[in-house]
Amino acid sequence: MSEKPPVPADGAPVSGVDPEAVPADASASPDTPSPPTTPANAGTPGGTPPSSGAAQWERRNEGPRRVRGGQKLRWRDTDPPMTGVAGRIIDLLDASVTPAVRQEGIEYARQGQILVLEMDGGAVRATVQGRRRAPYDTRLHFDVIAPEDWDRIVDAMASEAAYLVSLLADELPDGIDELLETLDLRLVPPAPLATECDCADAAPCKHAAAAGLLAAERLQADPALMLGLRGMPLERLRVRLRQARALQAHGVASAHVDPMIPESQVDPPALETCLDAFWRPPPGAADPPPPTKHLSHALLRRLGPSPLTGKFPFVGLLASIYDHVAEHARELEHRLEE
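As structure tokens, then:
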């Protein structure tokens with residue numbers, strides 16, 4: 030009589046059968062990826078800690094890596110829409126990205142995922158922290174206006190003092206869009222927006238959208254930054270406009286005037302014959318030209334009428350202050366000479 034195999038106790042493995050070789054779900058395809066499993070007692074006192082793979086899986090599902098000190102977008106949906114140059118940048122973004130990418134960009138910008146944001150030289154350059162460990166380098170390209178076109182812009186702006194007054198106040202001049210249109214130019218380029226990012230997403234990506242939104246918020250606070258994006262920073266434009274207005278007011282000045290050479294040279298008389306009249310001008314010599322008349326308040330005259338409205342005599346007040354300061358300076362000079 031043959032011997033029967035032993036019956037295993039409850040929970041004991043059957044001889045010759047490896048329970049680890051049996052899949053938990055026999056119907057699942059081996060090609061289907063599944064997230065790493067975590068033991069039921071993981072995270073409990075005395076339990077097994079979760080594996081690093083499970084933690085990475087959960088972090089990828091949660092969103093980008095959090096950063097400290099990132100630059101955050103303060104604008105909210107309940108705030109008034111951005112206007113002016115900033116509003117046109119928003120329109121440019123909306124025309125270049127999908128609504129889903131735009132929403133992801135808003136979330137990135139509000140969470141402070143942007144580490145660095147620079148705006149000049151024809152580009153918005155940003156460093157954006159995403160899901161991977163290393164941040165992404167993102168760029169939004171704005172074609173710079175050609176130097177010869179900037180020459181035309183400066184010449185056109187030099188005809189009105191209001192442009193220089195606005196630039197001196199660190200403001201984008203009113204009416205600059207209309208002036209550029211007369212020259213067949215635009216301050217904000219048309220769509221589509223050219224972007225560049227080292228992520229694997231299709232361009233424009235959420236990182237570019239986040240950088241564009243933060244750049245628009247900066248332009249809302251300081252619209253003159255758009256001048257630097259198109260190749261002419263504010264300070265350089267101020268200097269060029271001052272020079273152009275000075276040339277229009279006084280003409281081109283020469284640093285060295287060529288001396289007048291007479292057509293014929295006459296030999297001077299002997300020195301001993303003109304000792305008595307040596308220090309006197311020769312007969313028939315032209316009288317020296319009169320000194321140039323001093324023009325009072327030349328700077329105020331160059332700037333033109335005050336752009337401020339109202340009955341307060343702002344220009345007259347400045348003229349009185351200049352006169353008082355000049356008189357005080359002359360008194361100090363006289364005291365020092367004594």
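Numbering (the working numbering), first residue to last: 30 to 367.
Built from N, CA and C at the ideal position, the CB exists for glycine as well.
In this text, all values refer to a predicted model and were calculated from it rather than measured experimentally.
DSSP beta-bridge partners of residue i
i: D166; result: T156
i: M148; result: V153
i: E225; result: R168
i: Q100; result: I143
8 Å Cβ cutoff met for residue i and residue j
i: V183; j: R265; result: no
i: L102; j: V217; result: no
i: G159; j: P233; result: no
i: A138; j: L243; result: yes
i: M186; j: L208; result: yes
i: D106; j: G257; result: no
i: C226; j: T167; result: yes
i: L347; j: L263; result: no
i: G373; j: P252; result: The structure shown does not extend to residue 373, since the chain spans only 30 to 367, so no value can be given for it.
Close Cβ partners of residue i (< 6 Å) along its chain, the five nearest in sequence each way excluded
i: D47; result: Caution applies to D47, whose pLDDT of 43 falls short of 50 and renders its modelled position unreliable; the value that the coordinates give is listed next. Cβ within range, chain order: n/a, list empty.
i: E133; result: K235
i: E147; result: R154
i: L337; result: F343
i: I119; result: M111, A245
i: G241; result: L122, L169
i: P221; result: S125
i: A115; result: A245, L248, Q249
i: A191; result: P336
i: V96; result: Q158
i: W179; result: M261
Euclidean distance between Cα positions of residue i and residue j
i: A327; j: E362; result: 22 Å
i: P298; j: W308; result: 14 Å
i: A163; j: A129; result: 24 Å
i: G260; j: I174; result: 6 Å
i: A250; j: A275; result: 31 Å
i: L329; j: P202; result: 19 Å
i: D199; j: R267; result: 9 Å
i: Q142; j: D213; result: 38 Å
i: A223; j: D352; result: 54 Å
i: A152; j: Y165; result: 16 Å
i: T211; j: D230; result: 40 Å
i: W104; j: E136; result: 11 Å
i: D108; j: R117; result: 17 Å
i: E366; j: E177; result: 52 Å
i: G15; j: G204; result: Limits of the chain in this structure are 30 at one end and 367 at the other, which puts residue 15 out of reach.
i: D305; j: D296; result: 19 Å
i: F341; j: R181; result: 36 Å
Counted within 10 angstroms of its Cβ, other Cβ atoms place residue i as buried (16 or more) or exposed
i: V145; result: exposed
i: A239; result: buried
i: C303; result: exposed
i: I350; result: exposed
i: S31; result: Residue placement at S31 cannot be trusted, given a pLDDT of 48 that sits under 50; what the coordinates show is reported in the next sentence. Answer is exposed; the Cβ neighbour count stays below 16.
i: A171; result: Per the sequence presented here, residue 171 reads as Phe, with Ala not at that position. Buried, by the Cβ-count rule.
i: P64; result: Unreliable positioning characterises P64 in this predicted model, as indicated by a pLDDT of 48, which lies under 50. The coordinate reading is nonetheless provided below. So P64 counts as exposed.
i: V354; result: exposed
i: R131; result: buried
i: R364; result: exposed
i: Q100; result: buried
i: A237; result: buried
i: R215; result: exposed
i: H357; result: exposed
i: R161; result: exposed
i: R359; result: exposed
8 Å CB neighbourhood of residue i in its chain, flanking five on each side removed
i: E189; result: G333
i: S273; result: Here residue 273 is Ala; the residue named in the question, Ser, does not match the sequence. Excluding residues within five positions, the ones whose Cβ falls inside 8 Å are V183, D184, M186, A187.
i: R271; result: L193
Same chain, Cβ closer than 7 Å to residue i, neighbours up to 5 away in sequence not counted
i: V194; result: L332, P336
i: P278; result: It should be noted that the sequence gives Ala, not Pro, for residue 278. Around A278: R331.
i: D206; result: L216
i: G339; result: none
CB contact check: residue i to chain D, cutoff 8 Å
i: P252; result: Looking at the structure shown, chain D is missing, and only one protein chain is on hand.
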